[in-house]
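Right, one structure below, let's go through it.
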Amino acid sequence: MFWKFDLHTSSHLEALLDKEDVTLIELMDEEDVLQECKAQNRRLLLFLCQDQCMQDLVRMITTEPPAGVEETKRFKYPNIACELLTCDVGVINDKLGNEEPLLETLYAFLEQPSPLNPLLASFFSKTIGNLITRKTEQVISFLRRKEGFLSLVLKHIDTSAMMDVLLRLISCVEPPPLRLETLTWLNDQKLAQRLIELIHPERDEEKQSNASQTLCDIIRLSRDQANQLQEMSQPDPLLTVLESQECVEQLLQNMFSGERTESCIVNGIQVLLTLLEIRRPVVDGVMDAQGFERSYTVNSSILLAIQPHLIHFHQLLLEPPKRDPMLTTLGVLEEPLGNTRLHVARLVASLLYTSSASHAVVAQELCRLNTMDLLLDLFFKYTWNNFLHLQVELCVAAILRPCAHEMRLQPGLGSHEKFKPQQDASQEQDLTETMTSEPSATSENSAHNLMVTHLFQHCHLVQRILEAWEENDKMQSEGGMRRGYMGHLTRIANTVVHNLEKGPVHTQISSLITELPEDYRGRWETFVDQTLSETNRKNTIDLVGTGNPRPSSEDDMESPFPKELTIQQAFSDYQIQQMTANFVDQFGFNDEEFTDHDDSIGRAAGTTFKLPTCFLQANTAVFEACSKERIQPFDDDEEDIWEEKEINYATQTKSRNR
106 MFWKFDLHTS
116 SHLEALLDKE
126 DVTLIELMDE
136 EDVLQECKAQ
146 NRRLLLFLCQ
156 DQCMQDLVRM
166 ITTEPPAGVE
176 ETKRFKYPNI
186 ACELLTCDVG
196 VINDKLGNEE
206 PLLETLYAFL
216 EQPSPLNPLL
226 ASFFSKTIGN
236 LITRKTEQVI
246 SFLRRKEGFL
256 SLVLKHIDTS
266 AMMDVLLRLI
276 SCVEPPPLRL
286 ETLTWLNDQK
296 LAQRLIELIH
306 PERDEEKQSN
316 ASQTLCDIIR
326 LSRDQANQLQ
336 EMSQPDPLLT
346 VLESQECVEQ
356 LLQNMFSGER
366 TESCIVNGIQ
376 VLLTLLEIRR
386 PVVDGVMDAQ
396 GFERSYTVNS
406 SILLAIQPHL
416 IHFHQLLLEP
426 PKRDPMLTTL
436 GVLEEPLGNT
446 RLHVARLVAS
456 LLYTSSASHA
466 VVAQELCRLN
476 TMDLLLDLFF
486 KYTWNNFLHL
496 QVELCVAAIL
506 RPCAHEMRLQ
516 PGLGSHEKFK
526 PQQDASQEQD
536 LTETMTSEPS
546 ATSENSAHNL
556 MVTHLFQHCH
566 LVQRILEAWE
576 ENDKMQSEGG
586 MRRGYMGHLT
596 RIANTVVHNL
606 EKGPVHTQIS
616 SLITELPEDY
626 RGRWETFVDQ
636 TLSETNRKNT
646 IDLVGTGNPR
656 PSSEDDMESP
666 FPKELTIQQA
676 FSDYQIQQMT
686 ANFVDQFGFN
696 DEEFTDHDDS
706 IGRAAGTTFK
716 LPTCFLQANT
726 AVFEACSKER
736 IQPFDDDEED
746 IWEEKEINYA
756 TQTKSRNR
């Protein structure tokens with residue numbers, strides 16, 4: 106009916122387009138110009154695709170508006186122009202992507218001096234990003250002819266919109282051969298190395314932060330696309346460079362050259378943490394297009410590059426960049442932990458998780474520096490910093506609960522065999538048991554066993570747990586507050602107990618516990634059997650709470666239903682139980698009589714429910730009691746509910762009050 110009678114309102118744009126002297130500004134003032142453009146209004150698109158109109162639209166998003174205009178209206182037309190250019194209409198994309206003068210006008214925005222207007226930069230980024238997606242070959246060809254393109258983008262990297270331009274070039278180029286060609290071009294332009302150069306103490310903090318974020322996004326996007334695009338036989342050139350030992354060493358040298366600033370250290374560690382991320386496949390043994398198993402482990406070159414600089418990170422834990430005292434809810438903190446030391450703790454946790462036995466140099470260096478002991482000192486010093494407590498807990502868990510790849514035998518340490526991904530679970534279990542039970546040279550010299558021994562003998566983990574727990578109990582008994590690390594300390598203690606019982610290195614942990622001084626060994630056994638067990642019991646949450654048994658009278662008092670309904674419900678439940686017990690026998694079918702409908706259905710008439718006499722007598726008494734309570738005598742004052750009478754608000758109010 107709506108379309109039959111032509112009741113839709115005609116757009117005012119049609120009237121404007123009928124004018125010979127209509128201007129672009131007049132059309133942009135119309136509220137429905139974007140809707141008409143997305144609906145591909147033919148007359149509107151013909152007007153917008155004129156050379157002069159397209160030039161004006163591009164100029165609006167790349168030129169600073171006059172300063173005298175009211176701020177709320179100053180960027181009105183640039184915003185509308187950007188929406189028109191990126192509304193994903195084919196004729197506009199073709200016009201903008203195929204016309205060299207329009208691309209030159211758009212590119213000229215990068216040639217402006219710093220700093221760029223953030224809003225205009227976002228308009229530029231959105232427009233060029235849409236062209237990269239829709240007109241890939243034309244735009245990539247144009248940008249490759251511009252020798253200074255990458256230099257200009259990195260010059261304005263302090264504007265976050267420029268990061269989006271780089272990420273579009275990496276993630277939105279199709280098909281895969283063209284994407285590989287684009288990545289090769291960016292790699293030839295030294296994109297990774299030039300971004301790393303921006304993470305330097307002498308650079309602006311905003312540039313350092315954006316450069317670090319760009320590198321992290323490039324690493325994650327490249328790894329994700331490498332997993333998805335199986336048809337690409339060649340590795341990602343940018344990712345290959347970023348994971349190389351030379352590139353990581355360049356980053357570390359920049360971080361520790363000159364004055365050590367928190368911004369440079371934190372941003373650099375962010376990149377290292379991204380490089381150390383492990384993406385595990387959903388299904389084991391995932392193969393690529395060439396039939397080779399993909400590697401989901403960290404490149405060893407990354408660990409080899411980090412190892413010589415572990416002493417610098419250890420020194421940062423001792424002497425972090427200077428920070429002013431911090432006012433907290435518990436008082437003034439004269440020496441805050443700081444973001445630097447927190448990120449160093451995150452890095453150590455990541456290294457302990459990713460460094461397998463084949464990279465023993467990292468574990469050996471951490472043991473030599475006694476870094477774990479220092480982290481435990483900070484754990485107990487900063488009582489209320491749960492961010493730090495979590496990282497230290499992860500460090501302990503990584504040492505005591507190694508992953509499967511950390512338990513592999515390594516050549517040169519007593520064995521020339523490795524675990525194969527295709528091995529079944531039984532074979533892997535047998536090898537694991539062999540490693541944990543036999544005191545071979547491999548188990549004694551592996552990086553993992555070295556860290557376990559270091560944690561118990563040199564860091565005195567058990568002694569620290571017992572002493573901290575006893576100090577907390579003493580403080581609470583005197584009316585003090587429970588210490589903030591107690592939750593994480595409980596989980597650390599449970600991790601020790603769990604791996605002592607059935608972990609992959611339970612034999613070694615049991616031996617280390619046995620070697621404790623007799624006093625601590627006895628206190629530990631008492632702590633595990635009594636204190637820790639009681640704490641775990643209190644912390645256990647029942648998913649389905651049964652509650653304590655209560656007398657039936659108490660249940661009836663708290664029930665929102667009348668007492669008689671409760672009795673009736675109990676009787677109904679009993680009837681259902683009796684009927685259910687006989688239901689299959691009465692209505693069931695045998696195989697040979699499955700198609701005999703009439704006889705089986707006829708059994709329903711003969712179904713009987715037999716109740717014991719005692720139950721019948723009890724139920725009869727209940728029924729009589731309910732009847733006496735509910736049935737009123739005929740001569741009472743209760744109104745007849747069937748009597749015809751006038752209904753008004755007064756009657757309703759009276760009934761409710763009664």
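Count along the sequence shown from 1, add 105, and you get the number used in the numbering used here. A virtual CB, placed ideally from N, CA and C, is assigned to each residue, including glycine. All values derive from a computational prediction rather than experimental measurement.
- Sixteen is the threshold: since fewer than 16 other Cβ atoms of the shown chains lie within 10 Å of the Cβ of M586, the residue is exposed.
- Along the region 116-193, the alpha helix (DSSP H) occurs as fully enclosed runs of 4 or more residues at 117-123, 129-133, 138-143, 147-153, 156-167, 176-179, 181-190, listed in sequence order.
- Between A573 and L594, the gap from beta carbon to beta carbon is short of 8 Å.
- Annotation note: the region 404-456 contains the following uninterrupted alpha helix (DSSP H) runs of length 4 or greater, listed N- to C-terminal: 405-411, 415-423.
- Here L201 has M159, L190, L207, L236 as same chain residues with Cβ atoms under 7 Å from its own Cβ, once five neighbours each way along the sequence are excluded.
- N372 sits buried, since 16 or more C-beta atoms from the chains shown fall within 10 Å of its C-beta.
- Using a Cβ distance threshold of 8 Å, Q313 and L303 count as a contacting pair.
- Excluding five sequence positions before and after L381, the CB atoms of its chain that fall closer than 6 Å to its own CB belong to V403, S455, T459, given in chain order.
- Proximity to V353 across L377, R365, E367, Q339 peaks at L377, based on C-alpha coordinates.
- In this model, E205 and E242 are separated by some 13 Å (Cα to Cα).
- Annotated as proximal: D263 and E311, with beta-carbon spacing under 8 Å.
- Annotation for I301: Q355, L356 place their beta carbon closer than 6 Å to its own, counting only its chain and skipping 5 residues before and after.
- Within the model, the alpha-carbon separation for Q496 versus V601 is close to 16 Å.
- For E367, the enclosing alpha helix (DSSP H) stretches over residues 367-380.
- In the three-state scheme derived from DSSP, where H, G and I count as helix and E and B as strand, H261 is classed as coil.
- Your pair L481 and L447 does not check out as a contact, with CB atoms roughly 15 Å apart and the cut at 8 Å.
- Cβ neighbours of N292 within its own chain (closer than 7 Å, five residues either side excluded): P342, L343, V346.
- When the Cα atoms are used, V567 and E286 turn out to be separated by approximately 56 Å.
- For L617, the enclosing alpha helix (DSSP H) begins and ends at 611-619.
- By the neighbour-count criterion, in which a residue is buried when 16 or more other Cβ atoms sit within 10 angstroms of its Cβ, A172 is exposed.
- Boundaries of the alpha helix (DSSP H) harbouring H603: 591-607, taken from the DSSP string.
- Residue burial is scored here from C-beta neighbours: A502 has at least 16 other C-beta atoms within 10 angstroms and is therefore classed as buried.
- Spatial neighbours of F418 in its own chain (CB-CB distance under 6 Å, excluding positions within 5 residues in sequence) are listed in chain order as V449.
- Beta-carbon to beta-carbon, H261 and M267 are separated by about 5 Å, close enough to satisfy the 8 Å threshold.
- A buried status is given to F229, since no fewer than 16 other beta-carbon atoms sit within 10 Å of its beta-carbon.
- Cα atoms of L259 and L296: separation of roughly 9 Å, rounded to the nearest angstrom.
- When the alpha-carbon of L452 is set against those of M477, D429, Q581, the nearest one is in M477.
- Annotation for H494: the continuous alpha helix (DSSP H) segment containing it runs 491-505.
- With a threshold of 16 other beta carbon atoms within 10 Å, L271 meets it and is buried.
- Look at K312 here: in three-state DSSP terms it is helix.
- With a 10 Å radius around the Cβ and a threshold of 16 neighbouring Cβ atoms, S317 comes out buried.
- Three or more beta-carbon pairs drawn from the region 143-151 and the region 191-200 are found closer than 8 Å, and the two stretches are therefore classed as touching.
- Here K240 carries a coil assignment [DSSP, helix/strand/coil].
- The residue from K579, L162, T177, L479 with its alpha-carbon nearest to that of H565 is L479.
- Contact check for P183 and L132: beta-carbon distance about 15 Å, past the 8 Å limit, so the pair fails to qualify.
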